[in-house]
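One structure is given here, and the rest of the page talks about it.
In structure tokens:
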């Protein structure tokens, strides 16, 4: 249960990459939210304040135009021209009424509503006065009435000018407030984005450091040790790690395998030395036995004189055979023990190979997770480029607005005193377009910074991916080292099994020799009458001695081969 709930390498890296992904997603959502708020403020400026300012300036311009028309009607003497001026005035009055309706539908605050209502009431009063002026202008004899109406009309016109100036100021203040709110949102957006990117950068740096310290370095050190073991250096020491995951299991299994292999090779070396010593002793005994048998064959030709001496020789041979049988039993026991140790070493090598295969699978999953995180960061970069395109579009609109304001200012300059109000509007529009252009430049700079930070995050992901690939290569090398160790262990096991087989054959031969010696000892105790039978038995003994000598030579060769294999390993 504890093993299943521990933080494995896969879980640790999954949590780390998910943390980076969450920070990037939150940062993207924050950018989207701030952009929406800035768009709302821009919509308030473009859909409310700017149209209102333009409407008020248009009303101001048309009222000035209407006032000019009535002055011209009062001063002209031509009836046809008066009719034309009256018709133009009616069209102007209709346009102003439409502008008042438009402004009333787009009013934003109560204060603005009060002043616009006062302006509308003053406009209605002005219309009544305008009608009086135009009526008096149509009758030249009513000059006093005309002068009084003109004075009253001028007073009403100035009152309307005051209300329009106030409304322009209110709408301008509203636009300034919207611009300030948009600037605050922009600054807060910068702080939030920079903080999120800084947190993501710190987390990516920590992840790279952690992968190198907790995964790559232990694997590289362990792979180096296993490579030395594969070359025969069993004195290498597996480094100790504090990992409680698959890496720690692999290092612990490698240490246990190396200890078992070191113990097995030590036992093989001792056993090979014992086998060599015993085989040399057995070879000397078998040679002595063969010489004795040869001597016995020669001596049996003089049965009467050498029968007693032959009996003593056979007794000596019997004791030597017993000692040889005891040495053969010791060799067989040592070979069996060494065989068991070699089997254990092969099992440890197989277990280490399975652990290496598990770690390779985990590192493959890690590499896939790193690639997915890199794709998410690249998607964020694509979204950032889309925001840059929108900012560029807003900048182009600001440039076009600036050109329109410049054209309006030129037209107002041409209009002279009557275009003064329209020139003020054009100047305000130009200032707002300039501010919008500056804000677009700042947004573009911020987008460039975001793109640079995103590219940095992509490079960090690629570095992490390279570390994962390097770790996977190191684990693969470690797996190859385990395979070489397993092959070497199987070779040792085969040699030991051959030695055990030879020891069993040698024990069987020793038992046959003991049996033959017992028979020859019985025959030697008989009288010289059965010398022919003893001579035949001595020939059998000589053949057995030859077989023992051949077996001893074979065992000596196997012992030397085992010693050569064991000497390849440095303890």
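Numbering (our numbering), first residue to last: 3 to 573. Beta carbons are placed, not taken as given, at the ideal position from N, Cα and C, and that holds for glycine.
- Under the criterion of beta carbons closer than 8 Å, residue 87 and residue 74 qualify as touching, at roughly 6 Å.
- In this structure, residue 105 sits near residue 54, with a CB-CB distance shorter than 8 Å.
- With respect to the C-alpha of residue 332, the residue from 345, 374, 373, 280 having the closest C-alpha is 280.
- Per DSSP, residue 418 is not a residue of any alpha helix (DSSP H), being assigned neither H nor E.
- For residue 164, the enclosing alpha helix (DSSP H) covers residues 145-213.
- Contact between the stretch 33-50 and the stretch 204-212 is absent: fewer than 3 CB-CB pairs across the two stretches fall below 8 Å.
- Setting aside the 5 residues that flank it on each side, residue 462 is surrounded in the same chain by 203, 206, 207, 210, each with a C-beta closer than 8 Å to its C-beta; the list follows chain order.
- Taking each of 390, 221, 357 in turn and checking the Cα distance to residue 476, the smallest one comes out for 221.
- Taking the CA atoms as reference points, residue 441 sits about 17 Å from residue 34.
- Taking the Cα of residue 115 as reference, the smallest distance to any Cα among 133, 169, 150, 448 is reached at 169.
- Ranked by Cα distance from residue 90, the first of 241, 77, 80, 71 is 71.
- Within the same chain, 25 come within 8 Å of residue 201 by CB-CB distance, once the 5 residues on both sides are set aside.
- In chain order, 43 place their CB closer than 7 Å to the CB of residue 183, counting only its own chain and leaving out the 5 sequence neighbours on each side.
- Exclusion of the five residues before and after residue 78 leaves 84 as the residues of its chain whose Cβ lies within less than 7 Å of its Cβ.
- Residue 43 carries a helical assignment under DSSP once its states are collapsed to helix, strand and coil.
- In the DSSP assignment, residue 93 falls within the unbroken alpha helix (DSSP H) covering 81-107.
- Rounded to whole angstroms, the gap between the alpha carbons of residue 400 and residue 120 is 34 Å.
- By the Cβ criterion, the stretch 158-174 is in contact with the stretch 125-144, since at least three pairs of Cβ atoms, one from each stretch, lie closer than 8 Å.
- With distances taken between CA atoms, residue 93 lies nearest to 67 out of 81, 67, 103, 118.
- Membership of residue 75 in the alpha helix (DSSP H) is indicated by the continuous run 52-77.
- CA-to-CA, the gap between residue 433 and residue 186 works out to about 19 Å.
- For the pair residue 410 and residue 404, the Cα-to-Cα distance works out to about 10 Å.
- Closest in C-alpha terms to residue 223, from the list 243, 500, 267, comes 243.
- When rounded, the separation of the alpha-carbon atoms in residue 430 and residue 453 is 34 Å.
- Excluding sequence positions up to five before and after residue 138, its CB lies within less than 7 Å of the CB of 144, 147, 148, 151, all in the same chain and listed in chain order.
- Per the coordinates, the alpha-carbon of residue 366 lies some 27 Å from the alpha-carbon of residue 384.
- Nearest in C-alpha terms to residue 273, of all of 438, 499, 258, 402, is 499.
- Using a Cβ distance threshold of 8 Å, residue 188 and residue 427 do not count as a contacting pair.
- When C-alpha distances from residue 15 are compared across 553, 486, 374, the shortest belongs to 374.
- In the structure shown, residue 220 adopts helical secondary structure according to DSSP, grouped into three states.
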